[in-house]
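Peer 1:
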Amino acid sequence: MRLGSRRTYFQDKDCNSAKLYGNVKVIDERHRHRYEVNPAMVVNFERFGLAFVGKDESGKRMEILELSSHPYFVGVQFHPEFKSWPGKPSPLFMGLIAASCGKLDVLLKGEEHTNGLLSKTISSNGVPQY
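Using our numbering, read the sequence shown as starting at 299 and increasing by one per residue.
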């Protein structure tokens, strides 16, 4: 079982996930799972448009995938909800909400990363302002 905080290294700085995390090279997220992508199948998945944009420290375990032909298709091996708090959601959840509101481009073009942008877009009554 893969359990606890683990590092994920972004392979592509131009992907939505990296932008949502503030263009950092590495993130630490919590895991609790027994399953993973079979490395022998990665080439087949990539042939159909999936991009494995985050990998573990060995570069062999797939941690984050995206489908660039979709407005917001992100899959992760970790649990972003484990590090989300009221007023400070995971960057991936902010991306999902922004995409569902048609505002993902606005969020991704922000000069500051998700947490900084979030703190500046919440009004005094806790309602996001776009």
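Quick reminder that beta carbons are idealized off the backbone N, C-alpha and C, glycines included.
Compute the Euclidean distance between the alpha carbons of G302 and H368, then round it to the nearest angstrom.
Peer 2: Those two C-alpha atoms are separated by around 30 Å.
Peer 1: Once you ignore the five residues that flank E355 on each side, which residues in its own chain have a CB closer than 6 Å to its CB?
Peer 2: R305
Peer 1: Judging by CA-CA distance, which residue of K311, G385 and L365 is the nearest neighbour of F346?
Peer 2: It is L365.
Peer 1: To the nearest angstrom, how far is the alpha carbon of V372 from that of A397?
Peer 2: 11 Å
Peer 1: How would you label N336, buried or exposed, when you count the other beta carbons within 10 angstroms and need 16 or more for buried?
Peer 2: exposed
Peer 1: Have a look at C313 and K358 and give me their C-alpha separation to the nearest angstrom.
Peer 2: 19 Å
Peer 1: If you count every other CB in all the chains shown that lies within 10 Å of the CB of H331, and 16 or more means buried, which is it?
Peer 2: exposed
Peer 1: Could you give the distance in angstroms between the alpha-carbon of V324 and the alpha-carbon of I362?
Peer 2: 12 Å
Peer 1: In whole angstroms, what is the alpha-carbon distance linking V351 and D310?
Peer 2: V351 and D310 have their C-alpha atoms some 5 Å from each other.
Peer 1: Distance, Cα to Cα, V340 vs V374?
Peer 2: Rounded to whole angstroms, V340 and V374 show a C-alpha spacing of 15 Å.
Peer 1: What would DSSP say about S367, mapped onto helix, strand or coil?
Peer 2: coil
Peer 1: Can you pull the DSSP bridge partners for M360?
Peer 2: K353
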